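To start, the structure under review is shown below, and the notes come after it.
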Amino acid sequence: MSTPPIIELDRVSIRHEGAARPTPAGVSFEVAPGEVVLILGPSGCGKSTLALALDGLVPHAVPAELEGTVRVAGLDSREHPVGVLSEHVAMVFQDPDAQIVTGTVLDEVCFAPENQLVEASEVLARAERALKLVGLWDRRAENPDTLSGGGRQRLAIACALAMAAPVLVLDEPTANLDPAGIDEVYAVLRELADDDDHAIVLVEHNLDAAVDLVDRVIVLDAAGRLVIDGPARQTLQARADELAALGVWLPVSTLAAMRLRDAGVPIGPLPLTPADLAAALDALPSLPAPLSASSPVRSTALTPAPSLTPAPSLAPPSAIQERSGTVIVAHGLSVRRGGRRGPVVVHDVDLEVAAGEFLAIVGTNGAGKTSLLQALAGVVQAPRGTVDVLGVDPARADVRERARRIGFVFQNPEHQFIAGSVRDELEQGLRLQGLDDAEVTASADRMLRRFGLDELAEQHPFLLSGGQKRRLSVGTALVAGAPVLALDEPTFGQDRARAAELLDMLRSLNDEGTTVLVVTHDLQLVADYATRLAVMRGGRLLGVGPTAELLAGPLIEQAGLRHPPLARATRGLEHHPEWHTVTRMSQLPVAAGGAR
Amino acid sequence: MSGTAGAHPATGARLTTGTAPATGTNGPRRGPLATLNPLAKLAAPLPAMLVVVFSRDMLLPLAFIVLPLLVLLLGARLPGRVVAALLVGTPLAAAVLGVSFGVWVDPAGLSGPATATVLFSIGGWSFTLAAYLVGFTTGLRILAILMLSLMAGMTSAGPEFVRAMVQNLRVPYRIGYTALAALRFVPRFGHELEIIRAAHRVRGTVRGRGPIAATRRALGTAVPLLASAIRHAERVALAMDARAFGAHATRTERVQSPWRRRDTLFVAGFVSVSAVIAWLTWGR
Numbered sequence: 001m002s003t004p005p006i007i008e009l010d011r012v013s014i015r016h017e018g019a020a021r022p023t024p025a026g027v028s029f030e031v032a033p034g035e036v037v038l039i040l041g042p043s044g045c046g047k048s049t050l051a052l053a054l055d056g057l058v059p060h061a062v063p064a065e066l067e068g069t070v071r072v073a074g075l076d077s078r079e080h081p082v083g084v085l086s087e088h089v090a091m092v093f094q095d096p097d098a099q100i101v102t103g104t105v106l107d108e109v110c111f112a113p114e115n116q117l118v119e120a121s122e123v124l125a126r127a128e129r130a131l132k133l134v135g136l137w138d139r140r141a142e143n144p145d146t147l148s149g150g151g152r153q154r155l156a157i158a159c160a161l162a163m164a165a166p167v168l169v170l171d172e173p174t175a176n177l178d179p180a181g182i183d184e185v186y187a188v189l190r191e192l193a194d195d196d197d198h199a200i201v202l203v204e205h206n207l208d209a210a211v212d213l214v215d216r217v218i219v220l221d222a223a224g225r226l227v228i229d230g231p232a233r234q235t236l237q238a239r240a241d242e243l244a245a246l247g248v249w250l251p252v253s254t255l256a257a258m259r260l261r262d263a264g265v266p267i268g269p270l271p272l273t274p275a276d277l278a279a280a281l282d283a284l285p286s287l288p289a290p291l292s293a294s295s296p297v298r299s300t301a302l303t304p305a306p307s308l309t310p311a312p313s314l315a316p317p318s319a320i321q322e323r324s325g326t327v328i329v330a331h332g333l334s335v336r337r338g339g340r341r342g343p344v345v346v347h348d349v350d351l352e353v354a355a356g357e358f359l360a361i362v363g364t365n366g367a368g369k370t371s372l373l374q375a376l377a378g379v380v381q382a383p384r385g386t387v388d389v390l391g392v393d394p395a396r397a398d399v400r401e402r403a404r405r406i407g408f409v410f411q412n413p414e415h416q417f418i419a420g421s422v423r424d425e426l427e428q429g430l431r432l433q434g435l436d437d438a439e440v441t442a443s444a445d446r447m448l449r450r451f452g453l454d455e456l457a458e459q460h461p462f463l464l465s466g467g468q469k470r471r472l473s474v475g476t477a478l479v480a481g482a483p484v485l486a487l488d489e490p491t492f493g494q495d496r497a498r499a500a501e502l503l504d505m506l507r508s509l510n511d512e513g514t515t516v517l518v519v520t521h522d523l524q525l526v527a528d529y530a531t532r533l534a535v536m537r538g539g540r541l542l543g544v545g546p547t548a549e550l551l552a553g554p555l556i557e558q559a560g561l562r563h564p565p566l567a568r569a570t571r572g573l574e575h576h577p578e579w580h581t582v583t584r585m586s587q588l589p590v591a592a593g594g595a596r
Numbered sequence: 597m598s599g600t601a602g603a604h605p606a607t608g609a610r611l612t613t614g615t616a617p618a619t620g621t622n623g624p625r626r627g628p629l630a631t632l633n634p635l636a637k638l639a640a641p642l643p644a645m646l647v648v649v650f651s652r653d654m655l656l657p658l659a660f661i662v663l664p665l666l667v668l669l670l671g672a673r674l675p676g677r678v679v680a681a682l683l684v685g686t687p688l689a690a691a692v693l694g695v696s697f698g699v700w701v702d703p704a705g706l707s708g709p710a711t712a713t714v715l716f717s718i719g720g721w722s723f724t725l726a727a728y729l730v731g732f733t734t735g736l737r738i739l740a741i742l743m744l745s746l747m748a749g750m751t752s753a754g755p756e757f758v759r760a761m762v763q764n765l766r767v768p769y770r771i772g773y774t775a776l777a778a779l780r781f782v783p784r785f786g787h788e789l790e791i792i793r794a795a796h797r798v799r800g801t802v803r804g805r806g807p808i809a810a811t812r813r814a815l816g817t818a819v820p821l822l823a824s825a826i827r828h829a830e831r832v833a834l835a836m837d838a839r840a841f842g843a844h845a846t847r848t849e850r851v852q853s854p855w856r857r858r859d860t861l862f863v864a865g866f867v868s869v870s871a872v873i874a875w876l877t878w879g880r
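Keeping their order, the protein sequence lines are chains A and B. Residues 1 to 596 (our numbering) make up the first sequence, in order. Residues 597 to 880 (our numbering) make up the second sequence, in order.
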């Protein structure tokens with residue numbers, strides 16, 4: 001190559017203040033102008049830290065120790081401040097809200113070039129170009145708060161483009177977005193990748209969306225060392241097993257194909273997208289029959305290796321336990337937000353939830369899913385007589401009565417913490433039930449062990465890791481013996497490892513008899529875990545039914561959602577109509593003795 | 597922000613001329629007051645505010661409520677709703693403030709015929725007309741200061757103030773624009789606080805009444821709020837650094853905030869009128 005690299009990393013190790021070992025560790029690579037590079041790795045490998053080092057935020061703004069050298073357009077990042085490096089590298093971060101500093105869309109895009117002392121007329125010209133590219137020029141006079149999540153993230157991209165830097169670094173840009181927002185952002189990124197004006201460095205775990213626009217992948221292992229650096233397609237196809245073993249999240253279509261290959265289906269090169277997978281399957285003269293819903297084989301996109309359903313263990317002791325029958329009945333339920341005169345966000349919903357179900361409520365942003373869940377759990381008040389949870393109206397029941405029936409887990413577990421130690425968090429809910437000290441201690445001990453927190457009993461809840469916080473919040477919701485658990489967007493903004501950990505925990509609770517309700521927009525998650533699906537749009541319930549049935553039907557599209565990757569691949573199969581209803585990983589055939 | 601589609605051509609025109617602020621989000625942006633430098637609107641009423649603070653009687657603060665009200669009604673084309681709120685709300689507020697300040701007045705310090713007129717009494721304590729009038733005057737003084745500051749407050753937006761401070765008063769832009777970014781935190785925290793309160797209610801912490809339970813509840817919500825505030829602030833700071841904020845001693849000002857002759861005239865005029873009013877009404 002004749003063009004010199006725009007970014008050069010030479011044996012870069014970064015140790016955060018207080019961390020025992022550096023992640024990333026000894027990483028060297030170069031990025032050429034116009035190249036689109038995807039950085040992959042299991043959680044905790046230092047991908048995001050590496051992204052921060054590319055424009056000098058590490059070491060200048062983040063308390064971390066940098067070893068080795070990062071050169072940006074030939075400049076050593078250690079010797080040049082972020083302001084100088086920002087002329088060469090523009091950043092887009094994960095949280096769209098934490099990047100907005102001004103009051104209008106136009107001011108926001110102008111902010112960076114103004115800081116760079118670009119002449120006013122040129123600032124406006126750049127702003128216009130950037131906003132037109134992301135499709136926000138017509139909304140330039142609006143407050144950024146009026147944009148959707150996807151819109152705000154497109155605005156953040158426009159802000160980065162207005163800096164006219166040759167490199168764009170994006171750190172998990174879609175982790176906080178719903179599927180519509182993810183599509184919006186990737187439509188913009190695809191355009192940028194095609195026109196070759198920018199080198200793009202992308203840190204992303206959602207490979208399903210990113211895979212078809214990247215040229216090259218760089219993979220770090222759990223210790224932060226660079227293990228793979230190669231062309232995207234070939235690397236993902238040829239070294240998929242290796243990547244999976246490292247804990248890297250592969251596209252669902254690739255995982256499905258790997259499962260099929262293990263089951264003896266002769267699939268050639270591994271497919272990376274649903275379209276690839278559909279083509280590969282249609283090219284085969286015959287396919288083994290998919291497994292039925294009642295098969296004991298379990299497998300999900302988060303933990304694809306097939307396993308067998310564990311024998312049902314004994315349900316935890318609970319004050320009000322109904323092993324069969326309905327636990328929640330909602331009839332003519334409407335919810336207003338913000339008081340008596342606020343807008344109606346849930347319209348006239350009739351819903352019954354049976355004991356032992358795993359129900360997912362899905363819909364786009366603003367469809368009323370969270371409001372419905374909160375009304376069912378008594379977090380917001382529903383009209384008298386419209387909701388019944390195991391014999392009480394949850395919004396009007398005494399806290400004690402409610403806590404014995406249903407537990408609610410908010411999106412951010414920190415919001416729910418009220419005590420100074422993990423043990424106190426659990427004991428608070430038990431004391432509320434009026435138990436004596438011995439019972440409180442015994443029950444708390446049991447919960448600590450159940451959720452793997454016994455070593456951390458005296459720790460302050462805020463000092464736990466993300467996954468531990470999540471487990472504790474589920475523990476506090478269930479400690480009073482509630483047989484029903486409701487969770488609002490439990491995997492939002494989390495990486496795959498944590499999402500898998502949480503969902504597997506929910507699944508085992510469900511196996512033990514707990515009824516689980518989740519609100520989510522991750523449809524592959526829904527496909528793999530939920531037994532029943534409630535689809536919402538515009539505050540109304542479009543339909544409720546068994547997951548497989550609803551995913552095979554037209555309701556998902558009517559709700560403005562997109563089918564999960566596996567369903568997208570199987571729906572259009574021409575030669576294998578019996579596969580049209582395959583939407584979950586556990587339906588894929590398994591070789592004899594393949595599941596353990 | 598629905599219905600902004602029609603405003604776009606106008607915004608485009610403003611962009612190219614660069615004379616009017618591009619921030620068209622909140623507040624009325626029309627009328628002659630809006631075209632003045634925000635600092636002029638801030639400086640002009642300062643002497644009047646000082647006089648009001650040291651006044652003792654009723655007529656002077658009353659005059660200084662009417663004057664800025666007139667300036668606002670004539671100089672800014674306010675929406676009908678706001679005009680109604682000002683015209684109805686001001687006397688109402690004065691009347692209510694009269695009671696709430698009046699009850700704190702020491703009856704021993706009062707004299708004159710109004711002390712004999714008892715408005716209402718609770719047990720052995722009675723609320724006299726004299727006490728009410730003292731409270732009413734205090735209320736008027738506060739309202740006068742509020743009205744005087746509303747002249748600037750209702751006709752200019754936050755970004756304009758910051759621009760004027762940076763360009764005309766040479767306040768370092770790092771301070772001004774950081775303050776502006778921090779202002780965006782307020783609604784976010786309000787929303788977050790609401791969620792935290794709901795989350796704590798679900799956990800069953802809302803037990804007991806009275807100030808001690810309330811304080812404990814407030815402390816309980818402060819920890820998660822603070823934790824998320826710090827995290828958010830750190831992220832915003834990183835995003836601002838990445839956009840070269842603070843990299844240079846100055847930054848490009850796309851919109852100028854000039855100090856014109858009319859700004860000087862407005863300040864001089866308002867101060868003169870204030871002086872005349874103060875001279876006419878002092879001690880009455």
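Yeah, the Cβ is synthetic: ideal placement off N, Cα and C, and Gly gets one too. Owing to the predicted nature of the structure, the values given are computational and were not obtained by experimental measurement.
> Excluding the five sequence neighbours on either side, which residues of its own chain have a C-beta within less than 8 Å of the C-beta of histidine 580 of chain A, listed in chain order?
Replying inline: Ala552, Thr570, Arg571 and Leu573
>> For a test of the three-state rule: what should DSSP assign to glutamate 790 of chain B, helix, strand or coil?
In response: helix
> Which bits of chain A does phenylalanine 841 of chain B rub up against, with CB to CB less than 7 Å?
Replying inline: Asn115
>> Quick test of the definition: if touching needs 3 or more C-beta pairs under 8 Å, does the segment 843-850 of chain B touch the segment 109-117 of chain A?
In response: yes
>> I need the straight-line Cα distance from proline 96 of chain A to leucine 170 of chain A, nearest angstrom please.
In response: Cα to Cα, the separation comes out at about 12 Å.
>> Quick check on DSSP: helix, strand or coil for phenylalanine 408 of chain A?
In response: strand
> Distance, Cα to Cα, proline 907 of chain B vs arginine 21 of chain A?
Replying inline: The structure shown does not extend to residue 907 of chain B, since chain B is modelled only from 597 through 880, so no value can be given for it.
> On the premise that leucine 270 of chain A lies in contact with alanine 240 of chain A, defined as a C-beta separation below 8 Å, what is that separation, rounded to the nearest angstrom?
Replying inline: Correct: roughly 5 Å between the Cβ atoms.
> So, using beta-carbon positions, are valine 484 of chain A and valine 327 of chain A closer together than 9 Å?
Replying inline: yes
> With 16 as the cutoff for other CB atoms within 10 Å, does phenylalanine 298 of chain A come out buried or exposed?
Replying inline: At residue 298 of chain A the sequence reads arginine, which differs from the phenylalanine that was named. By the neighbour-count rule (16 or more Cβ atoms within 10 Å), arginine 298 of chain A is buried.
>> Restricting to runs no shorter than 4 residues, where is the alpha helix (DSSP H) found entirely within the segment 217-253 of chain A?
In response: Runs found: 232-238 and 240-246.
> Rounded to the nearest angstrom, how far is the Cβ of histidine 205 of chain A from that of arginine 496 of chain A, given a contact under 8 Å?
Replying inline: Rounded, the Cβ-Cβ distance is 5 Å, consistent with contact.
>> Using a Cβ-Cβ cutoff of less than 6 Å, which residues in the same chain neighbour serine 722 of chain B once the five nearest sequence positions on both sides are dropped?
In response: Correct list, in chain order: Val714.
>> Run through the DSSP bridge pairs and tell me what phenylalanine 716 of chain B is partnered with.
In response: DSSP lists B:Phe723 as partners of phenylalanine 716 of chain B.
> What residues are listed by DSSP as bridge partners for leucine 202 of chain A?
Replying inline: A:Leu38 and A:Leu170
> Checking contacts by CB at 9 Å: is glycine 786 of chain B closer than that to chain A?
Replying inline: no
>> According to DSSP, is methionine 654 of chain B part of a helix, a strand, or is it coil?
In response: coil
> The alpha helix (DSSP H) spanning alanine 275 of chain A covers which residue range?
Replying inline: 274-282
> Mind pulling the alpha helix (DSSP H) runs of 4 or more residues that sit fully within the segment 428-508 of chain A?
Replying inline: 437-450 and 466-478
> Under 9 Å, do leucine 284 of chain A and histidine 80 of chain A count as touching if we go by C-beta distance?
Replying inline: no
>> Could you pull the DSSP bridge partners for serine 13 of chain A from this structure?
In response: Per DSSP, A:Glu67.
>> Between which two residues does the beta strand (DSSP E) holding methionine 536 of chain A run?
In response: That run of the beta strand (DSSP E) goes 532-537.
> Counting along the chain, where does the beta strand (DSSP E) carrying valine 344 of chain A start and finish?
Replying inline: 344-354
> Under 7 Å Cβ-Cβ, which residues of chain B neighbour proline 81 of chain A?
Replying inline: Ala843
> For methionine 645 of chain B, which residues of its own chain have a beta-carbon under 7 Å away from its beta-carbon, when the five flanking residues on both sides are left out?
Replying inline: Ile741 and Leu744
> Counting Cβ pairs, one atom from each stretch, are 3 or more of them under 8 Å apart for the segment 500-518 of chain A and the segment 354-364 of chain A?
Replying inline: yes
> Any idea what DSSP makes of valine 758 of chain B, helix, strand or coil?
Replying inline: Look at valine 758 of chain B here: in three-state DSSP terms it is helix.
>> Suppose you measure from the CA of arginine 856 of chain B to the CA of lysine 637 of chain B; what does that come to, to the nearest Å?
In response: In a straight line, the C-alpha of arginine 856 of chain B is about 13 Å away from that of lysine 637 of chain B.
> According to DSSP, which residues form a beta bridge with aspartate 76 of chain A?
Replying inline: A:Arg71
> What is the residue span of the beta strand (DSSP E) that alanine 691 of chain B lies within?
Replying inline: Not the beta strand (DSSP E): alanine 691 of chain B falls in the alpha helix (DSSP H), residues 676-698.
> Is the Cβ of glycine 378 of chain A closer than 9 Å to any Cβ of chain B?
Replying inline: yes
>> Nearer than 8 Å: is that true of the beta carbon of alanine 51 of chain A relative to any heavy atom of the ligand FMN?
In response: Although the ligand FMN was asked about, the structure shown includes no ligands whatsoever.
> Using the beta-carbon of each residue, which ones in chain B are nearer than 9 Å to phenylalanine 462 of chain A?
Replying inline: Val819, Pro820 and Ala823
>> List, in chain order, every chain B residue whose beta-carbon is nearer than 7 Å to that of leucine 161 of chain A.
In response: Ordered by position in chain B, no residue passes the 7 Å Cβ test against leucine 161 of chain A, which lies about 12 Å from the chain.
> According to DSSP, what are the bridge partners of leucine 359 of chain A?
Replying inline: A:Leu517 and A:Arg532
> Is there at least one Cβ from chain B nearer than 9 Å to arginine 400 of chain A's Cβ?
Replying inline: yes
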